[in-house]
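Counting from 1, position 92 in the sequence shown corresponds to residue 92 in UniProt numbering; the numbering is continuous, with no gaps. Think of the CB as a built atom: it goes at the ideal place given N, C-alpha and C, for glycine as much as any other residue. Because the structure is a prediction, the values reported are computed rather than measured. To start, the structure itself, in structure tokens.
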Amino acid sequence: MLVQYLFERQREATSGLIEDTILEAEARGINGEELNNNGEFYIQRYPQLNVKVVDGSSLVVAIVLNSIPKETTQVLHRGSLSKVAYSIVSALCQREIQVSTIYKTEYEKLKLATEFGNNVVVSESYAEKIWLVGDGLSEEEQRKASKGTIFIPYSQFPPKRVRSDCLYHHSPSMMAPISLQNLDSCENWLPRRVMSASRVAGIVHALEGWNLHECGQKMFDIGLVWEATLKHGFKPL
């Protein structure tokens, strides 16, 4: 649905489908529904909804942070700036991990977004071995990475794999618990029994009975979401 939503002429029809889905879930008494962050529009339009709209941002951040090798001291950020990107960068800066960015405009925005902005710098060499990447990463930028670089995406869709001498992680996702039966692949770019973070977050949100929305600029406590997700049997890749 997200791909379809990107085309301007189809937005109105797709928005109607999303709205109908939320209202149908509400009528059926469903407690949780995972969506992208545009769900904020619908909770503003229907403030009395019992169904909760969950975009999974906090779990995405948790997955990315737990995918970074423990010995890491510096990473390079490249991709569109979003609440997920800002949250990841802020968490890394608090851990005294240096976050490099390629463009001065991104550097200025990221530096202002965290109390630990002194750990945000402009990269001059592309030598960082860990790249955190979102939408907007180009093939040309990938070619500038040094051999052995690890690309860790925080976007829903993974980047096109350009380098055979680098390692590409899957987009934010987790292995489903054994108790979840009759499950194949949720997205065609993920392995069997692997679910995207937004789907996992919706399930965990409902299981925990959290009576809150997560969309727009709202996010949950990252540590709390991570522990709850592991508790319910989901495993990191």
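Asked	Found
Roughly how many angstroms lie between the CA atoms of I68 and Y168, to the nearest whole one?	12 Å
Any chance the CB of L92 is under 7 Å from a heavy atom of the ligand NAD?	In the structure on display, the ligand NAD does not appear, and there are no ligands present to speak of.
Please determine, among C166, T149, P177, the residue with the shortest C-alpha to C-alpha distance to L76.	T149
Please list, in chain order, all residues of the same chain as V162 whose beta carbon is under 8 Å from its beta carbon, the five residues on each side excluded.	E139, Q142, R143
What does a CB cutoff of less than 7 Å around E187 pick up in its chain, not counting 5 residues either side in sequence?	S196
What do you reckon, are the CB atoms on T101 and S80 nearer than 8 Å?	no
Over what stretch of residues does the alpha helix (DSSP H) that includes R199 continue unbroken?	197-208
Quick one: what's got a C-beta closer than 8 Å to A62's C-beta in the same chain, skipping five residues either side?	I222, G223, V225, W226, T229
Which same chain residues end up closer than 8 Å to L190 when comparing Cβ atoms and leaving out the 5 residues on each side of it in sequence?	H170, S171, S173, S196
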